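Working notes, beginning with the structure itself.
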Amino acid sequence: CKSKARSARFCAGCLSRSSRPLKPSPGPSSTTRVARRRWRCASSGLKSSKSLRLSSTFRSTSCSSRRAPALRRSSSSGSATRCTAGYTRCLCSRSSNKEKRAVVVDVNSTTDTLQRPLPLNTNRLLKVAATDLGMSPHETLKTAEALYHSGHISYYKTSSTSYGSKFRLEDVLAAHQLHSEWGKYALSLLEKGFDRPDRGELVGGVLPLVPIKSAEKGKLTASEWKVYQLITKNFLASISKPATVNCVDASFKIGDELFGLHAQSLQNKGFLGIMPGLSSVGTDELPKFKL
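Per the working numbering, residue 3 is the first one in the sequence shown, and the count goes up by one each step.
Here you go:
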């Protein structure tokens, strides 16, 4: 078997655990090929049950030697197979053992705003239910119709993305303040104040999808609960505060190399407190850099 050792990898033949014996390589001995950065394997009658001992130095991602360790596999009959990789090309720098420090060149901190979702209309309900819930449009529409006829949500066929200025959002929040899953969040919006959306459009005087009546999980079917939960959480998120994100862009040098770093962290969760899946930004503390 032959393979170049430029990326310090063992050939498939050396590490194969097949019960089929490897054929000895013809031609000159393997030691004459080592300096050319090639692999040579010779074996006779090895069984797959025998273990392969690999030096821990070669397993690491970096090494300080330019010579790869030898691999040995032994059998009970006393015969041995030896695969030697010599003068392989290390991927690490020759000066990896030297201590180097990063020097900060530039730091820039900004604050971004994540906009909350718009009130939910029928078209967007069908899209989100298909991608997030795995429900077909027909199933989603039938489920929304059942929820409407039972009085849990507003009219399910709507193109509106605004609640208008006269609809009393506080009445809906009051109906959900005792709910076991999102009651505390609804109560906090009542006490601290909600934010009526200033975007969107009220089409034909028909409201977007609104969870008119509170319902627990055990009172609805599985599909009804998934659609009802989606509508309710989107309603709460649409009247919450926007989320704010701290952003840090830093440039620093290690030796003669220039590196860049971009990090983000939530400063204020806002609507992500009820729908965290709408953003992948975490809440970890950002690193502090000094020039």
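Idealized CB from N, CA, C, for every residue including glycine.
Being a predicted model, the structure only gives us computed values, none of them experimental.
- For Phe237, the three-state secondary structure derived from DSSP is helix.
- Look at the stretch 197-243 and you find no whole run of beta strand (DSSP E) that is 3 residues long or longer.
- Burial of Arg118 is indicated by the presence of at least 16 other C-beta atoms within 10 angstroms of its C-beta.
- Of the residues Ser267, Ser161, Val105, Leu268, the one whose Cα lies closest to the Cα of Leu204 is Ser161.
- If you draw a 10 Å sphere on the C-beta of Ile233, you find 16 or more other C-beta atoms in it, and that means buried.
- Looking at the DSSP output, Gly262 sits in a beta bridge with Ser253.
- Assigned with DSSP and collapsed to three states, Ser111 falls in strand.
- In this structure Pro210 is in contact with Leu122, their Cβ atoms being roughly 6 angstroms apart against a cut-off of 8 angstroms.
- Taking a C-beta distance under 8 angstroms as the contact criterion, Leu238 and Leu191 qualify as a contact pair.
- Relative to Arg201, the option among Val283, Leu120, Thr115, Ser167 whose CA is nearest is Leu120.
- Looking at the DSSP output, Ser267 bridges to Asn248.
- Going by DSSP, Ser190 is part of the alpha helix (DSSP H) stretching over 185-194.
- In terms of Cβ geometry, Leu268 and Val283 form a close pair [threshold 8 angstroms].
- The beta carbon of Tyr187 lies closer than 7 angstroms to those of Leu238, Gly275, Ile276 in the same chain, with the five residues before and after it left out.
- Under the three-state reduction of DSSP output, Val283 falls in the coil class, being neither helix nor strand.
- Inter-residue distance for Tyr165 and Ala265 is about 36 angstroms (C-alpha atoms, whole angstroms).
- DSSP places Leu116 in the strand class (E or B) of the three-state scheme.
- Counting of Cβ neighbours within 10 angstroms places Lys235 among the buried residues, the total reaching 16 or more.
- Thr145: member of the alpha helix (DSSP H) spanning 139-151, first to last residue.
- Among the bridge pairs identified by DSSP, Ala104 is matched with Ile256.
- Taking every protein chain shown into account, the CB of Glu226 has 16 or more other CB atoms within 10 angstroms, so this residue is buried.
- Excluding the 5 residues flanking it on each side, Leu171 has same chain C-beta neighbours closer than 7 angstroms at Tyr165, Phe196, Arg198, Ile241, in chain order.
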